[in-house]
Amino acid sequence: MAEQLALELARAGVVVVSGLALGIDAAAHRGALNAGGVTVAVMGTGVDVIYPTAHTVLAEAILAGGGALVSQFPDGTAPRRHNFPARNYTMAALSDVVLVVEAAEGSGALITAEAALDLHKEVMAVPGSIFSPLSVGTHALLRDGAGLVQNARDVLSVLSQGGEVLDDPLATPAGLGFKLPPERDGILFHLSDVLAVNASELARKLQLPISDVLGRLTALELDGVVKRHQEGYVRALRRGKERA
Amino acid sequence: MLVGLDVRPVRVEAYIGRGEVAFVLTGLATTTVKESRERVRSAIRNSGLDFPSTRLAVNLAPAELRKDGTGLDLPIAVAIALARAEKRPPPGSAFLGELALDGSVRHVDGVLVAARGLHELGYERVFVPAEDAGEAALIGGLEVIPCPSLAAVVGHLTGVEPIDQATSNVAVTEQPSSVEHDLLEVHGQEEAKRALEVAAAGGHHLLMSGPPGGGKTMLARCLPGILPPLELSEAFEVAQVRSLLGDLPAGSPLDWTRPFRSPHHAISTAGLIGGGGGIAQPGEISRASHGVLFLDELAEFQAPVLQALRQPLETGSVTITRSGGSVRYPARFTLVAATNPCPCGWAGDGIRACRCTPAAIDSYQRRLSGPLLDRIDLQVTVRRVALEQLASEPRGEPTATVRARVVAARRRQLDRQGCLNAQLKPPRLRQLAGLAPHSRRTLERWSAQRGMTARGFHRAWRVARTAADLDGSSEIEEQHVLEALGFRLNDVAA
C-alpha cells in the first residue's frame with residue numbers, strides 16, 4: 001500500500017519524504033524510486049551512517065534518483081533510540097502533508113503525526129482492517145479528524161494539485177498485465193491486498209482440500225499475483241516490481 | 245558385556261589354588277568390577293555355599309577388553325561355585341546379573357541387547373536376573389533361565405533343582421497402537437495438519453512457526469498417531485535402546501507405539517546426541533528413533549547442540565567415540581521443530597501486536613537459519629485461533645483416517661524404492677521420481693526466482709513425490725510440486 005501510494009504520488013510529481021527505516025519507510029522510498037520520482041530520506045543518524053545497514057543500496061538509489069539524504073545530527077552519529085523521535089519531528093516539518101499508512105499503538109509514525117499537528121500541517125491516514133493491530137494508530141488518527149486516504153488522489157486533492165494529475169490513479173491499473181486462469185480467480189476473490197488471509201481459512205471458504213489451495217496459492221505466488229507473509233497471503237497489486 | 249548395541253562375550257575363569265588366602269581378579273577390570281569381589285564373597289557365603297579359603301584367582305578374558313558394569317557379578321560367582329564343585333557349566337551358556345549381598349540376583353540394564361547379541365554369537369542359553377527374563381525371552385530360539393538367586397542357579401547347574409525356562413508372555417504380533425492425541429481434536433490449522441500428514445507419509449522433517457498458544461505442541465503430539473505402528477524389527481530396535489537405559493517396562497517390553505521425545509531446550513549435546521564417560525550412552529535422538537523428536541522453542545537450543553544434529557539428520561544414525569570406544573546408535577527419527585517467529589512471540593499474530601524491534605526479529609530468525617533449516621523439508625506457519633472462534637472452526641479428520649492414507653503412501657514408496665522419499669539420494673530420486681515436464685518447469689522457475697540451493701531443489705522434489713504418493717499418483721504432477729513449494733517459507737523472493 002505504502003509503495004503503491006508513493007509510486008502514484010511520485011508519478012504525479014510529489015516529493016516523498018520518509019525515514020529510511022525498515023518496512024513502510026523503505027516501501028515509500030522504493031515506490032517513489034520506481035516511479036522515477038524524487039524522494040528524501042530524513043535520517044536519525046549522521047548522513048554518513050546508513051541505518052539499517054541493509055539499506056545502503058536503497059540510500060544510493062535515492063541519491064542517484066536526484067533525491068537527498070538529510071539529517072539534523074552531526075556526521076558519525078550512531079543510531080540512538082532518543083534521536084528518532086526528533087527525526088520524526090523534522091520529517092513533519094519538511095512535509096506539506098503527513099500520511100500515516102500503518103501505525104500500531106505507540107508507533108513512531110504517531111509521533112510524526114503529532115508533530116505535524118503542532119506545526120499545523122495536514123495529517124492523513126490509511127484505514128485498515130479493524131482486526132489488525134497495525135491499524136489501531138491510524139484509526140485513532142482518523143477518529144481524531146485526520147484525512148481519509150484510500151488512494152493517491154485523496155492525497156493529491158489535499159495538496160491542491162488535483163488538477164495536475166495526469167495519470168488518474170483511480171483508473172484501473174493498466175499494469176495489471178496478466179490473465180488469470182479461470183480456475184484460479186476463485187481464490188483471488190477471497191484475497192485482499194491489505195489483510196493477509198491464511199490458507200486454512202481459504203480452504204474452508206472455498207470448500208477445497210488444503211493441498212489444492214496451497215498448490216494454487218503457490219502458483220499465483222509464482223506468477224507474482226499474490227505474496228506470502230508471515231500472517232498469510234495477500235494480493236500483490238502489480239507484478240514485476242517487488243523488491244530491489 | 246555391552247559396547248553400545250554390540251555384545252562382547254567375556255569368559256570368566258576361576259582357579260582355586262594353594263597358598264595364602266587371597267581373591268585375585270585379573271583381566272582389565274574397572275572399579276565396578278573390582279568391587280564385585282566383596283559382593284561375590286558375601287553372596288556365596290549367604291547362599292549356603294562354601295567360599296574357598298585358599299588362593300582364588302579369577303580371570304576375565306579377553307584380557308585387553310576393558311570390563312565394566314555389574315553384570316559380571318553372577319558369572320564370577322558361578323565360576324567360583326562351579327570350580328569349588330569341580331564342575332563345568334553346560335556348553336553354550338552365558339550368565340548376566342548383579343548380585344546382592346544376600347545372594348539374590350538383581351536387575352541389570354541392557355538384557356535384551358545382550359540376549360540378542362549372544363543369540364547371534366551362537367549361545368544357546370542365557371542366565372539372566374529373574375526380573376529381566378521377560379526381555380530376554382523376546383529373542384526366539386534362545387533358552388532363557390530366570391535367576392532369582394545365586395543358590396537357585398547353582399542348584400540348577402548341579403542338577404539339584406532345575407529352574408523352569410522363561411517363555412515370552414508377550415505375543416510377538418503387531419498390535420494396533422492406542423492413539424493418545426487425535427487430530428480430530430485440532431480445530432482449524434488445515435495447513436499444519438496437512439504438513440503433518442506429508443511429514444508422516446514421506447519421513448520428512450517439519451518446522452512449525454507461530455505465536456505461543458497456537459497449538460504447535462498439540463499438533464506435534466498428534467504425529468506419532470498418524471504414523472503406522474512400529475514394524476517388529478523397529479520395535480526391537482526401540483526396545484533395545486530403552487533396554488540399554490534400563491527403561492523397559494517389565495510387563496510389556498515391546499511397545500508398538502512410535503516413540504515421542506520432547507527434550508527441554510536446555511539439553512546438552514551429550515544428552516541429545518548421546519555421550520557419557522567410557523562407552524557413550526544413547527541420547528534423545530536414539531530414543532526417538534523410528535518415532536518423533538520434538539524440539540520446542542528451537543531457537544532457544546544452544547547452537548552447538550543444534551549443529552550436532554546435522555549428521556544424524558542426514559545419515560539416520562550417530563557414531564560417538566568416548567574413551568571406552570566408539571559406538572553407533574540408530575537415529576532415524578522424524579524431527580518436528582517449533583519456534584516462535586520472534587523473541588516476544590507475537591510477530592504475525594492477528595490478535596496481539598509484536599513488541600520486538602526488526603533487528604531483534606532478524607537475529608532471532610537468523611539463529612535458526614542455515615544448515616539446519618536447509619535439512620527441514622516442510623515449513624509451516626501455525627496461527628492462533630481466537631478463543632471465541634475456536635468452536636466454529638471445523639474439527640479435523642480423525643487420526644485413523646489420516647493414518648490410512650499415510651500407510652498407503654508409505655507402502656507405495658517401499659514397494660517402489662525400499663525406503664521413504666525423505667531418504668532418497670539425488671541419483672535415485674532422478675531415476676525413480678521422474679518429474680513431468682510441466683512440473684520440472686515449475687520447480688525450476690521457482691528455483692530461479694527464489695535462489696533456491698541445489699539441496700533445497702531436491703528437498704522440494706522429494707516432498708512433491710510424497711504429495712503424489714498421498715494422491716496415489718505415479719507421476720509427479722504440477723499440483724504436487726506447487727504444494728511442496730507452498731511448504732517452503734524461507735525462500736525469499738529475489
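Heads up: the sequence lines are chains L and W, in that order. What the first sequence shows, in the numbering used here, is residues 1 to 244, in sequence order. What the second sequence shows, in the numbering used here, is residues 245 to 738, in sequence order. Note that the Cβ used here is the ideal one computed from N, Cα and C, for glycine as well. All values reported here derive from a predicted model rather than from experimental measurement.
| Item | Value |
| --- | --- |
| Using a 10 Å radius around the Cβ and a threshold of 16 neighbouring Cβ atoms, would you call W/Gly-675 buried or exposed? | Per the sequence shown, residue 675 of chain W should be read as Gln rather than Gly. W/Gln-675 is exposed by the Cβ-count criterion. |
| Out of W/Lys-331, W/Gly-399, W/Glu-528, W/Arg-502, point me to the one whose CA is closest to W/Ala-510's CA. | W/Glu-528 |
| What in chain L is Cβ-close to W/Gly-730, meaning under 7 Å? | Leu-214, Gly-215, Leu-217, Thr-218 |
| Is any beta-carbon of chain W found at less than 8 Å from that of L/Glu-105? | yes |
| Please list, in chain order, all residues of the same chain as W/Arg-554 whose beta carbon is under 8 Å from its beta carbon, the five residues on each side excluded. | Pro-615, Leu-616, Arg-619 |
| Quick one: any contact between the segment 572-582 of chain W and the segment 247-263 of chain W, if contact means 3 or more CB pairs under 8 Å? | yes |
| Whole alpha helix (DSSP H) runs in the segment 82-150 of chain L with 4 or more residues, listed along the chain? | 83-94, 108-118, 136-143 |
| Is W/Glu-257 helix, strand or coil when you go by DSSP? | strand |
| Can you have a look at L/Thr-218 and say buried or exposed, based on whether 16 or more other CB atoms are within 10 angstroms of its CB? | buried |
| Per DSSP, what kind of secondary structure is W/Ala-582 in: helix, strand or coil? | strand |
| Could you check which residue in W/Pro-373, W/Ile-324, W/Leu-687 has the C-alpha nearest to that of W/Ser-297? | W/Ile-324 |
| Any idea what DSSP makes of L/Phe-178, helix, strand or coil? | Unreliable positioning characterises L/Phe-178 in this predicted model, as indicated by a pLDDT of 43, which lies under 50. The coordinate reading is nonetheless provided below. L/Phe-178 falls in the coil class under three-state DSSP. |
| Can you name the residues that DSSP bridges to W/Asn-303? | W/Glu-257, W/Thr-270 |
| Against L/Asp-151, what residues of chain W qualify as contacts under a CB-to-CB distance less than 8 Å, listed in chain order? | Note that residue 151 of chain L corresponds to Asn in the displayed sequence, not to Asp. The premise fails here: L/Asn-151 is roughly 25 Å from chain W at the closest Cβ pair, so nothing lies under 8 Å. |
| Kindly list the residues whose CB is nearer than 8 Å to the CB of W/Val-265, restricted to its own chain and excluding five residues on each side of it in sequence; keep chain order. | Ser-297, Thr-298, Arg-299 |
| So which residues on chain W does L/Ser-200 lean against when the C-beta distance must stay under 7 Å? | Gly-432, Gln-433, Glu-434, Glu-435 |
| With a CB to CB cut of under 6 Å and the five nearest residues on each side skipped, what residues in its chain are close to L/Gly-65? | Leu-33 |
| By the 8 Å beta-carbon criterion, what residues does the segment 60-88 of chain L contribute toward chain W? | none |
| For a quick check, are the C-beta atoms of W/Glu-435 and L/Ser-200 less than 8 Å apart? | yes |
| Measure the CB-CB distance between L/Ala-92 and L/Val-101 and report whether it falls below 8 Å. | no |
| Would L/Ile-304 pass as an interface residue toward chain W - the criterion being a Cβ-Cβ separation below 8 Å? | Nothing can be reported for residue 304 of chain L, as the shown portion of chain L is limited to 1 through 244. |
| Give me the Cα-Cα distance between W/Ala-547 and W/Ala-395, rounded to the nearest whole angstrom. | 54 Å |
| Going by DSSP, what residues sit across from W/Leu-492 in a beta bridge? | Its beta-bridge partners do not exist; DSSP assigns none. |
| For the beta strand (DSSP E) that contains W/Ala-338, what are its first and last residues? | 337-339 |
| Got a sec: which bits of the segment 675-692 of chain W sit with their beta carbon under 9 Å from any beta carbon on chain L, in order along the chain? | Thr-686, Arg-689, Trp-690 |
| Among residues of its own chain, excluding the 5 on either side of L/Leu-188, which ones have a beta-carbon nearer than 8 Å to its beta-carbon? | Leu-180, Leu-220, Val-225, Val-226, Arg-235 |
| Look at the alpha carbon of W/Pro-585 and the alpha carbon of W/Glu-387, and state the distance between them as a whole number of angstroms. | 56 Å |
| Please identify the residue among W/Glu-375, W/Leu-356, W/Ser-512, W/Leu-687 whose C-alpha is closest to the C-alpha of W/Gly-384. | W/Leu-356 |
| Chain L beta carbons: is any one of them nearer than 8 Å to that of W/Ala-604? | no |
| Flag this pair as yes or no: are the beta carbons of W/Ala-322 and W/Val-370 separated by less than 8 Å? | The amino acid occupying residue 322 of chain W in the given sequence is Val; Ala does not appear at that position. No. Outside cutoff. |
| Measure from the alpha carbon of W/Leu-714 to the alpha carbon of each residue in W/Gln-657, W/Thr-270, W/Ala-374, then state which is nearest. | W/Gln-657 |
| Applying the 10 Å Cβ sphere with the 16-neighbour rule, what's the burial state of L/Leu-202? | buried |
| Does any residue of chain L bring its CB to less than 8 Å from the CB of W/Gln-525? | no |
| CB-CB under 7 Å to W/Pro-587, same chain, minus the five flanking residues each way: which ones, in chain order? | Cys-600, Ala-604, Tyr-608 |
| Chain L beta carbons: is any one of them nearer than 8 Å to that of W/Gln-723? | yes |
| Would you report the Cα separation of L/Gly-258 and W/Arg-732, rounded to the nearest angstrom? | Outside the modelled stretch of chain L, which goes from 1 to 244, sits residue 258 of chain L, for which no answer is possible. |
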